[in-house]
């Protein structure tokens, strides 16, 4: 299926239209971000990859054979850039930003509320990590802001458009099941904790 609107936007961007560039960024930035974030646990690395991918598009947009497939080109380029960053990170020792600079919160939460929020967040991410890679990638793509169209998701992940919704529902159901198991464990441990 050829997306003539996207092809036209790419051609306008090639001719220097800022509006066309803005439209491309608005349409595909969620896709680029979600793919980068699905491969890179560090948000700053994902942000760097996103910026690099848009730079690569600016450098090579005139060389695209199929302008209507710019979404697929961005997806593949993002995967390659993220993989490159992952390989580079294997040889670096990460240092937490919190260890470098400690900025006090403007409205500090009660210690108990902060602990509960941290535990719930950790349980959610633990449940998310129990999902298969396909579910993780799909969910990251669909929660990006703005979310990519189902056509872009279909092309990027190789899923039929009609199966995206049901697959999303199954993935969320598995996530809920994993989370409920962890949340039940958290509740029991809080009840057993000395007061």
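Numbering (our numbering), first residue to last: 4 to 198.
Note that the Cβ used here is the ideal one computed from N, Cα and C, for glycine as well.
What you are looking at is a predicted structure, and each value in this text was computed from that prediction instead of being measured.
query                                                                                                                                                             : result
Just to confirm, is the Cβ distance from residue 147 to residue 33 under 8 Å?                                                                                     : yes
With 16 other CB atoms within 10 Å as the buried threshold, where does residue 36 fall?                                                                           : buried
According to DSSP, is residue 183 helix, strand or coil?                                                                                                          : helix
What do you reckon, are the CB atoms on residue 127 and residue 170 nearer than 8 Å?                                                                              : no
Which of helix, strand or coil does DSSP assign to residue 68?                                                                                                    : coil
Which of the three DSSP states is assigned to residue 152 in this structure?                                                                                      : coil
Rounded to the nearest angstrom, how far is the Cβ of residue 134 from that of residue 178, given a contact under 8 Å?                                            : 6 Å
Leaving out five residues on either side along the sequence, give the residues of the same chain with a beta carbon under 6 Å from the beta carbon of residue 65. : 17
Below 8 Å on the Cβ atoms is my guess for residue 39 versus residue 81; work out the distance and round it to an integer in Å.                                    : 5 Å
Return the residue from the list 9, 13, 28 that minimises the CA-CA distance to residue 150.                                                                      : 28
On the CB-based measure, 16 or more other CB atoms within 10 Å of its CB, does residue 163 come out buried or exposed?                                            : exposed
Between which residues of its own chain and residue 159 is the CB-CB distance below 8 Å, once the five residues before and five after are set aside?              : 34, 38, 74, 75, 78, 144, 151
Suppose the cutoff is 6 Å on Cβ atoms and the five residues either side in sequence are ignored; what does the same chain contact list for residue 156 look like? : 144, 167
Residue 25: buried (16+ other C-beta within 10 angstroms of its C-beta) or exposed?                                                                               : exposed
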